[in-house]
Structure formats: structure tokens, C-alpha cells
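Peer 1: Structure incoming, see below.
2 protein chains.
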Amino acid sequence: MKLTNKGRYAVMAMADLASNAKDGPISLTEISIRQNISLAYLEQIFLKLKNNKLVKSSRGANGGYVLEKPASEIKLSNIIFAVDEEVKTLNCKKNSKKGCNNKTTKCITHNLWDQLDQHINGFFEKVKLQDLTKLN
Amino acid sequence: MKLTNKGRYAVMAMADLASNAKDGPISLTEISIRQNISLAYLEQIFLKLKNNKLVKSSRGANGGYVLEKPASEIKLSNIIFAVDEEVKTLNCKKNSKKGCNNKTTKCITHNLWDQLDQHINGFFEKVKLQDLTKLN
DNA sequence: TTTAATTCCGACTAAAAGAGTAGGAATTAA
DNA sequence: TTAATTCCTACTCTTTTAGTCGGAATTAAA
Chain B
1 MKLTNKGRYA
11 VMAMADLASN
21 AKDGPISLTE
31 ISIRQNISLA
41 YLEQIFLKLK
51 NNKLVKSSRG
61 ANGGYVLEKP
71 ASEIKLSNII
81 FAVDEEVKTL
91 NCKKNSKKGC
101 NNKTTKCITH
111 NLWDQLDQHI
121 NGFFEKVKLQ
131 DLTKLN
Chain G
1001 MKLTNKGRYA
1011 VMAMADLASN
1021 AKDGPISLTE
1031 ISIRQNISLA
1041 YLEQIFLKLK
1051 NNKLVKSSRG
1061 ANGGYVLEKP
1071 ASEIKLSNII
1081 FAVDEEVKTL
1091 NCKKNSKKGC
1101 NNKTTKCITH
1111 NLWDQLDQHI
1121 NGFFEKVKLQ
1131 DLTKLN
């Protein structure tokens, strides 16, 4: 599975965006200071968030980002997926015609890991960006 | 969180041990062949499993391993924990006196990641080694 | 029209973790 | 005595993570 700082930062930044919404867009500089994440790193992350249609940008002075949709409609899975590309624990060879571990059959744990994936994904599917502010 | 090949291999090996139980102990060579995991790697893994009292060893020729407890009493969390040392997704600074990201407060996602940890751990707590054979 | 603030973009790098190898010592059944 | 086996430590190669860096493009405001 991939659940790294980058994924966490993305969630933090999106939550920041949601809870500090104001009239115009919010600049990464602001978020960088509030969340203590390097600006350059945030830029990388927001590029992906933007490509995944989670935020809209305006360039130039006073530019920045806003959420593309209401926070109630953004699932955490969307965010994680956007920056980490996959939420999968399954390390079995996926694309090989053969089964796991290059044997002809699925390994004993194959279904188990599948279930775990569903379990974790389910968690991130359930929680919306909006819910985050309530957790604190 | 750490959910790596090593953890998966450990579960596979333990399941192998459970389902191929016979009169005497089972050697790592056997498991290595059946599960297609390198012998040297298995040795590393079983060292930890043994230290965590999940298996018993007998040395010398015809030696090998047996489960220390019935498969119905071994939780997957025990196995994962034994080889991966921790099941934690939380990347926030843990031991620092300060909060996450060196700020004085917990980060927005702190509780969220805590919940996720519990969610995943709950999954591994529920499943027993014995249950694995039924999944296939 | 200039300047400063900002997003955009690709390339680069250092550190850590993952995945496994290698070599040999100790033990024990046959 | 020998072969099979666990035990143990150290090493190495590769991939991933977690950023940094430099500069181009854009735009509001002075």
C-alpha cells in the first residue's frame, strides 16, 4: 500500500483549503506557512490535485487555488488516489499471466490482501473532506 | 503503515505451516519450495516469528518449525506485528515533544490517521490464521 | 509599463526502506 | 562422521520517498 507523507500532506492541504475558504483563491504560500509544508513540495502536490479536478487554480499575483467541488462531495479516496496513484496493498505480481510468486496458482494470502484493500479503500470512500474538520 | 512483502510472506509461511502440519516439524526448505520464497529470507522471517513466540523450532537434521499455538488462536495481527514491528500509518512525528510537522498543535489529519490505524488493525485482529484456509 | 506574486513544469538529488544475499557457526538425527 | 537444518550478523542492490532547484509563464496592482 502507499500511504505516505505526500498523501497525508495532500489531505492536510485540501482540508486547509476547505476550512480557510475566503473570497478569492488561497495561495500555496499561505498553506505552506499554516501547515508547515515546503512550498515547492506543495506545488508538486497541487499539480496532481489539479489534474484530478479536485482544485481550480488562478495564476499570477493574488492567484491560488480553490476547491473545484464542495467539501462535502470530495472523498478522501479521491485525494489519496490523486497523489499516490493507487491504494493497494497487494504485492502479488499483478500483470503476469502466472499467479503470485510465479507459481501457477494464487498464493494463500491473495484473497486476504484483496479484502484488506477493500477494507482500507472503504474507509477512505466513506470519509469526506468536510468530515475532517469535525474530527478535531 | 508497513505492509510489505515480508509481512505477506510471514502470513503465507504461517498458513503453510498450519495447513501442512504433520507428525514432526516442517523445514524451511519445504516451505521455501511450496511458497516459492527464498530460504535465506525465510530464515530471517522465522527468527522473528520465533522471538515472538508464534513458532517453535527444533534444530539439526529433520529439524524445522511447528506452530507454538493452535491456528485458531493466532491472529494475523500477531504475525504482521512480529515481522514488521509496527502497523502504523501515522507519519506524524511521534516522539517529538512538539506536535505534527513541528508545530505546537496536532495536524488536521492526525486523528484521521489514528482512526485508519485502528481500522486496519481491527481487520488483522479479527482474522485468525485458521480462517485463511477458508478464504481460498 | 514595470514589478512582485504567483502558478506551472521538468529535472535533479539525498536519504531511507525494501528485498533479499552471503557466509559461516551451532546443533542434531541418521 | 556427515548431511540437514536452524541460528545469526552483516552486507548489498534497487526502489521509493521526500523533497530541492531553476526557471518559464501569467497576472494583479503600483
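Quick note, the sequences are listed as chains B and G, same order.
Each residue of the first sequence is one higher than the one before, starting from 1 at the first, in this note's numbering.
Each residue of the second sequence is one higher than the one before, starting from 1001 at the first, in this note's numbering.
Quick reminder that beta carbons are idealized off the backbone N, C-alpha and C, glycines included.
#1: DSSP three-state label for residue 26 of chain B, please.
#2: Could you list which residues in chain G have their beta carbon closer than 9 Å to that of residue 16 of chain B, in chain order?
#3: Taking C-beta pairs closer than 8 Å, name the residues in chain B that residue 1011 of chain G reaches, listed in chain order.
#4: Taking the alpha-carbon of residue 1017 of chain G as reference, which of G:1007, G:1005, G:1006 and G:1030 has the nearest alpha-carbon?
#5: Can you tell me which residues form a DSSP beta bridge with residue 1067 of chain G?
#6: Nearest to residue 1009 of chain G by CA position, among G:1020, G:1119, G:1044 and G:1073, is which residue?
#7: What residue from G:1042, G:1025 and G:1028 has the CA that sits closest to residue 1005 of chain G's CA?
#8: When you compare the segment 1069-1082 of chain G with the segment 1112-1130 of chain G, are there three or more beta-carbon pairs, one atom per stretch, that lie closer than 8 Å?
#9: So with CB distances below 7 Å, who are the chain G contacts of residue 123 of chain B?
#10: Consider the Cβ of residue 54 of chain B: report whether some Cβ of chain G lies at a distance smaller than 8 Å.
#11: Looking only at its own chain, which residues have a Cβ that is under 7 Å from the Cβ of residue 1048 of chain G, when we skip the five neighbours before and after it?
#12: Tell me, which residues are paired with residue 1128 of chain G by DSSP?
#13: Report yes or no: is there a C-beta of chain G within less than 8 Å of the C-beta of residue 49 of chain B?
#14: Distance check for residue 115 of chain B and residue 132 of chain B, CA to CA, integer angstroms please.
#15: For a test of the three-state rule: what should DSSP assign to residue 85 of chain B, helix, strand or coil?
#16: Counting only C-beta atoms, is residue 39 of chain B closer than 8 Å to chain G at any point?
Peer 2: So, from the listed chains and residues:
#1: strand
#2: 1108
#3: 108, 109 and 112
#4: G:1030
#5: G:1055
#6: G:1044
#7: G:1042
#8: yes
#9: 1116 and 1119
#10: no
#11: 1082 and 1083
#12: G:1075
#13: no
#14: 25 Å
#15: coil
#16: no
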